[in-house]
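Right, one structure below, let's go through it.
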Amino acid sequence: MKLFLVPTPIGNLDDITLRAVKILQSVDAILAEDTRTSGVLLRHLSISKPLHSYHIFNEHQTVQRLVGQLKEGKTLALVSDAGTPGISDPGFLLVRECIKNDIPVECLPGPTAFVPALVNSGLPNDRFTFEGFLPHKKGRQTRLGELAGEERTMVFYESPHRLLKTLQQFSEIFGPDRPASVSRELTKVFEETQRGPLSELITYFGQKTIKGEIVVCVQGESRKDKSGKGDGASRRKGETAYDDEEEEDE
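Read the sequence shown against the working numbering and you will find it ends at 274, with the numbers running on by one and no gaps.
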């Protein structure tokens, strides 16, 4: 019995590892966030295995059944639509229950969007914090306020329709001159990374239609900012024009 966490390509299907292919070929069944998306990958790899849905809307209802299957001696592979399971995707709950039940869990190394975006950003990456998706509504401003004094590079996931508003909020919190980068469509044909002050990124993305999966990297607050000589000092407590505003989900 064993649960394998298998990273899948975030765009370019050739980014699948040889080991990942071998594991997907060997397991009894594959748990997929979206069976249609994973089906495309499996057909590309000429792999035919039972494919079952495992996503954020059914994980609580199915986790005990899956643990039961594993206890019976089955081997299962968990994949997400793209990237590493458990990183802003379902996976944590099943891993936790497997550990509680002494079921071996093995995570393969492989694709995940925030690593290439961070390395390619040109921002300091010796220390960073991965924030994933910010809350859409309640708690968003609280979280942004907590990050106002963060010194490490910050990495966020964002959707195309919310990117511009998020950049505007970042500008209010961190200052319009704070260096940042926006990467979208990583490993795909129209891959793009734009780098510059938040004010320039707002202008750039405000003039175009935004598509694709997005990773935003923002440089942390410098010591100069903390001393009160930079834009970030007056914003450490999250004092922004968006205070007390509850985000509407667009």
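Cβ coordinates follow ideal geometry from the N, Cα and C atoms, glycine included.
Partner residues in the beta bridge of G220, as assigned by DSSP, are A204. Exposure of L37 is indicated by the presence of fewer than 16 other C-beta atoms within 10 angstroms of its C-beta.
Only buried fits S195, as 16 or more other CB atoms lie within 10 angstroms of its CB. Counting the other Cβ atoms within 10 Å of the Cβ of D113 gives 16 or more, which makes it buried. Rounded to the nearest whole angstrom, the C-alpha separation of C241 and I123 is 33 Å. Around the beta-carbon of E170, fewer than 16 other beta-carbon atoms lie within 10 Å, marking it exposed. Rounded to the nearest whole angstrom, the CA to CA distance from L66 to T217 is 29 Å. By the criterion of a C-beta distance shorter than 6 Å, I40 is surrounded in its chain by P33, once the five residues flanking it on both sides are discounted. The continuous alpha helix (DSSP H) containing T61 extends over residues T59 to H68.
Taking a 10 Å sphere around the C-beta of G244, we find 16 or more other C-beta atoms and assign the residue as buried. Residue nearest to D126 within the set Y228, H79, L117 and K26 is K26 (criterion: CA-CA distance). Looking at the backbone, the Cα of T153 and that of I71 are separated by about 36 Å. Apart from the 5 residues on each side of it in sequence, P140 sits with its Cβ closer than 7 Å to the Cβ of L210 in its chain, given in chain order.
Note on geometry: alpha-carbon atoms of T59 and S246 lie some 45 Å from one another.
When secondary structure is reduced to three states using DSSP, A141 falls in the helix class.
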